[in-house]
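Worksheet: the structure to be examined is printed underneath.
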Amino acid sequence: MVQRRLAAHDFGQLAVNGLPGEPPYVQPLHFAYDAAAGEAVGHLARPNPLWAALETDPDVLLSVVDDYVYVPGPWQAPPGVPAEHGTPTSFYAAVQLRCTAHVVDGPEEKADLLNRQLGHFQPEGGSARAAAGEDPYGRMLAGIRGLRLEVTGVRAKFKYAGSKADPVRERIAEGLAERGGPGDAAAREHLLRRGGA
């Protein structure tokens, strides 16, 4: 489940411990996850302020949260309990990868990393391959640094009313279908798949 989620949900937040006296850095990041290699790869601009902190402490966390929705309290009320006594909640899918970050600075290695990302994000092609010293991207490689995030641990949580009684799950599924807001269809699909409502 986690590997499928990361193959399809490839944008997250990279949390890097701050330098002494500074708060942590949280950087939005497109990444390509490679389950076979046990790593995620990405890149950032060379002037990004997180590099010094990352080189001081390479232990990072890559967090992905998706398919999230707010669930109103009345939808959650147990059978026989007044609707206004239901407890509001959130549904979501969350995956956190604990990683050791490896900075990639060699031009050939950065080109390889970029081509891995392009293969993930543009499997149909359409863009030139990156190659050190070659047009169109060779000169641009100096402006970025690559990241190989070696996965050392995984935490995942899929919260979709797994402990609720079937009538409550059915009411929530109906509410999500009627509301039809952002994320509601995906959350409803998880709810139905995970609990049989």
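Here the working numbering is used: the first residue of the sequence shown is 78, the next is one more, and so on. Quick reminder that beta carbons are idealized off the backbone N, C-alpha and C, glycines included.
Nearest residue (CA-CA) to residue i, options the options
i: E185; options: A171, V142, R216; result: R216
i: G257; options: Y147, A122, E132, F108; result: Y147
i: H86; options: T164, V172, P97, P100; result: V172
i: L83; options: R206, G157, P159, S140; result: S140
Local Cβ density within 10 Å of residue i, reported as buried at 16 or more and exposed below that
i: R270; result: exposed
i: G89; result: buried
i: E116; result: buried
i: K241; result: buried
i: Q278; result: The displayed coordinates of the chain run from 78 to 274. Any statement about residue 278 would go beyond what the structure contains.
i: G220; result: exposed
Neighbour flag for residue i against chain D, beta carbons, 8 Å
i: H267; result: Within the model displayed, chain D is absent; a lone protein chain is all it includes.
Sequence-distant residues of the same chain with beta carbon closer than 7 Å to residue i, five excluded per side
i: T229; result: R175, C176, T177
i: R265; result: A250, L253, A254
i: A112; result: Q80
i: A130; result: V93, N94, G95, L96, Y102
Residues near residue i by beta carbon distance below 6 Å, same chain, minus five either side
i: K187; result: V181, L218, G223
i: V103; result: Q90, A92
Own chain, CB closer than 8 Å to residue i, minus 5 neighbours either side, in chain order
i: L268; result: F168, Y237, A238, R246, I249, A250, L253, A274
i: A109; result: D87, A117, V118, G119, R193, Q194, G196, H197, F198
First through last residue of the beta strand (DSSP E) which encompasses residue i
i: A166; result: Residue identity differs from the one stated: residue 166 is Thr in this sequence, not Ala. Counting along the chain, the beta strand (DSSP E) containing T166 begins and ends at 166-181.
i: F235; result: 221-236
i: P159; result: Run containing P159: none; DSSP gives neither H nor E here.
i: F88; result: 88-93
i: L195; result: No beta strand (DSSP E) contains L195, which is instead part of the alpha helix (DSSP H) from 184-198.
Proximity test, residue i beta-carbon vs the ligand NAP heavy atom, cut-off 7 Å
i: E161; result: Ligands displayed in this structure: none; no statement on the ligand NAP is therefore possible.
For residue i, the first and last residue of its enclosing alpha helix (DSSP H)
i: G252; result: 243-256
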